[in-house]
Amino acid sequence: GENVEQHPSTLSVQEGDSAVIKCTYSDSASNYFPWYKQELGKRPQLIIDIRSNVGEKKDQRIAVTLNKTAKHFSLHITETQPEDSAVYFCAATLNYGGSQGNLIFGKGTKLSVKP
Amino acid sequence: DSGVTQTPKHLITATGQRVTLRCSPRSGDLSVYWYQQSLDQGLQFLIQYYNGEERAKGNILERFSAQQFPDLHSELNLSSLELGDSALYFCASSVEAGRNSPLHFGNGTRLTVT
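Heads up: the protein sequence lines correspond to chains P and G, in order. The numbering used here puts the first residue of the first sequence at 1, with every later residue one more than the last. The numbering used here puts the first residue of the second sequence at 1, with every later residue one more than the last.
Shown next, in the form of structure tokens:
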């Protein structure tokens, strides 16, 4: 079936460094790609999203890039801070049949930012 | 605060029992989704409702069922509970039935089956 692959599963960086998380998707009709941050024991929160008609989107220290040809998208966090430590999930929409528009999530990346 | 309300926050029950988890979506959202998250696992899509009707099914066990009521709140029923059903159950809502609509998650119900 359709799926979203996310890498790496864990990522450790020093405070101030950049972090990059990559996802690939299989449904070529996917057109919406959100990223969620989940702190320990809390709900996933939307941090940024991108639609298929855009190649890049930025929001302060966070940016997302999308390559529709290669079917992959990435999250970039610059100048990382300890409060960025969390699990990050990428997702992509399914666009076929009865599941049209549903989000399929990657398995998550545990980011640790060391002071 | 996402505006999505889930009750209860915690639930502890025994194997073989049945429980009901409740979700109230954000005001104006018509679509409700249920996800299961086991320890250190990702978000497994269970089921989606849109304006009272089932819209899509994911990896939902036959022992689990859900419904969305006319006031748009939703309930997830888990029966014949097993130890492996222990997990965080999240409800999320969106304005539309998917299609570029961000999902807003509730704080989850932590189910522990002993």
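No residue lacks a Cβ here, since even glycine has one placed at the ideal position from N, Cα and C. Keep in mind it's a predicted model, so treat the numbers as computed, not measured.
Going along the chain, which residues of its own chain have a beta-carbon closer than 6 angstroms to the beta-carbon of residue i, five neighbours each way excluded?
| i | result |
| --- | --- |
| G:Gln48 | Tyr33, Arg55, Ala56 |
| P:Asp49 | Pro34 |
| P:Asp59 | Ile48 |
Please check if any C-beta of chain P sits within less than 8 angstroms of the C-beta of residue i.
| i | result |
| --- | --- |
| G:Gly28 | no |
| G:Phe64 | no |
| G:Asn59 | no |
| G:Asn103 | Residue identity differs from the one stated: residue 103 of chain G is Leu in this sequence, not Asn. Yes, its Cβ sits closer than 8 angstroms to a Cβ of chain P. |
| G:Phe90 | yes |
| G:Asn107 | yes |
| G:Gly42 | yes |
Compare the C-alpha of residue i against each of the options and name the closest.
| i | options | result |
| --- | --- | --- |
| P:Gly108 | P:Leu66, P:Leu40, P:Pro82, P:Glu79 | P:Leu40 |
| P:Ala19 | P:Thr93, P:Arg61, P:Leu94 | P:Arg61 |
| G:Arg63 | G:Asn77, G:Asn100, G:Leu43, G:Thr15 | G:Asn77 |
| G:Val113 | G:Val95, G:Ser74, G:Leu103, G:Gly16 | G:Gly16 |
| P:Leu111 | P:Val87, P:Asn67, P:Thr93 | P:Val87 |
| P:Leu46 | P:Leu75, P:Leu94, P:Gln81 | P:Leu75 |
With a threshold of 8 angstroms on Cβ separation, who are the neighbours of residue i within its own chain once the five nearest residues in sequence on each side are excluded?
| i | result |
| --- | --- |
| P:Thr69 | none |
| P:Lys3 | According to the sequence as given, residue 3 of chain P is Asn; it is not Lys. Taken in chain order, the residues that qualify are Tyr25, Ser26, Ile104. |
Report the three-state DSSP secondary structure of residue i (helix, strand or coil).
| i | result |
| --- | --- |
| G:Glu54 | strand |
| G:Leu21 | strand |
| G:Leu76 | strand |
| P:Leu34 | First, the residue type needs correcting, since residue 34 of chain P is Pro and not Leu in the sequence shown. The answer is strand: DSSP assigns P:Pro34 an E or B state. |
Determine whether the Cβ of residue i lies closer than 8 angstroms to any Cβ atom of chain G.
| i | result |
| --- | --- |
| P:Pro82 | no |
| P:Phe73 | no |
Round the Cβ separation of residue i and residue j to the nearest angstrom and send it over; I've been treating them as touching at under 8 angstroms.
| i | j | result |
| --- | --- | --- |
| P:Cys90 | P:Gln38 | Incorrect: roughly 12 angstroms between the Cβ atoms, too far for contact. |
| G:Thr13 | G:Leu81 | 6 angstroms |
| G:Leu43 | P:Pro44 | 7 angstroms |
Near residue i, which residues of its chain fall below 7 angstroms by C-beta distance, leaving aside the five closest residues on each side in sequence?
| i | result |
| --- | --- |
| G:Leu65 | One detail in the question is off: residue 65 of chain G reads as Ser in this sequence, not Leu. These residues qualify, in order along the chain: Asn77. |
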